[in-house]
Amino acid sequence: MLQAQLAPLATAVGQVIVCEIDIPEWGATGPDRYTHAYVAVITRPTPLYEGARLGMIVKVHDPRKAPAALREDPPPSASWLRAPLKPTVADAYARPSFRVRDAPQGRPAVQVGRQLVQEGLLLRHSTARSKNGSAWAEAVGGDIPPLEEDVTSNSFGPWAERELDRLEHQQWWQNL
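Here the sequence shown is numbered in the working numbering, starting from 1 and rising by one per residue.
This is how it looks when you write it as structure tokens:
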């Protein structure tokens with residue numbers, strides 16, 4: 001389940017460790033995967049933080065690892081397969097308690113995104129994003145291509161909440 005973990009971050013909600021995990025339904029398993037799942041784990045919450053311990057999930061496609069057949073004949077919706085071939089965020093969701101918009105030392109969701117950029121794990125943002133997704137991309141940094149599709153999808157958020165709830169019951173993050 002747990003594939004890797006990044007260095008701890010000091011955030012407004014406490015210490016956070018970003019972990020790469022397997023999510024089989026995304027194809028995010030095994031050494032040859034081209035879809036990566038990152039989860040922000042609040043390992044040492046502040047006394048005032050009352051949210052869940054898993055605060056955010058980010059889905060990233062790495063076109064450099066995609067099968068040749070997919071790269072050679074990409075579906076029209078797969079803008080992440082266009083040049084330049086860089087790890088591209090597909091979806092990101094932060095729980096409301098993790099968003100902390102007025103944190104003087106930085107918003108935790110932005111800190112997580114910046115760490116992924118600094119580590120080279122997320123280098124480009126999707127061409128299809130919501131207004132909030134565009135604001136997050138601007139705050140995080142990396143390549144921000146022009147918006148091609150304004151997406152305000154309500155499907156990823158509810159799925160991400162359920163997935164984070166499911167992951168909360170697993171043991172892989174308990175001893176971080």
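Just so it is clear, CB atoms sit at the ideal spot from N, CA and C, and this is done for glycine as well.
- Burial state of A83 is exposed, judged by a 10 Å Cβ sphere holding fewer than 16 other Cβ atoms.
- For K131, the three-state secondary structure derived from DSSP is helix.
- In this structure the segment 70 to 78 does not touch the segment 95 to 114; the number of beta carbon pairs closer than 8 Å is below three.
- Excluding its 5 nearest sequence neighbours in each direction, L85 has C-beta neighbours in its own chain below 6 Å: P63 and R64, listed in chain order.
- Residues K59 and F156 of the same chain have their beta carbon placed closer than 6 Å to that of D91, with the five preceding and five following residues left out of the count.
- When the beta-carbon positions are compared, P146 and R124 stay at least 8 Å from each other.
- Distance between P75 and S126, taken at the CA atoms: about 15 Å.
- The criterion of a C-beta distance shorter than 8 Å is not satisfied by G113 and L121.
- Within its own chain, the residues whose Cβ lies closer than 6 Å to the Cβ of W173, once the five positions on either side in sequence are excluded, are V41, listed in chain order.
- Within the same chain, and ignoring the five residues on either side of Q115 in sequence, the residues whose Cβ sits closer than 7 Å to its Cβ are L6, L9 and V18.
- Shown here, V110 sits in a helix according to DSSP, grouped into three states.
- Put simply, the backbone Cα of T88 is about 6 Å away from that of W80.
- Membership of E161 in the alpha helix (DSSP H) is indicated by the continuous run F156 to E168.
- Judged by their CB atoms, H36 and E25 are not nearer to each other than the 8 Å cut-off.
- Using a Cβ distance threshold of 8 Å, L164 and I57 count as a contacting pair.
- Restricting attention to R99, R53 and A12, the CA atom closest to the CA of N175 is found in R53.
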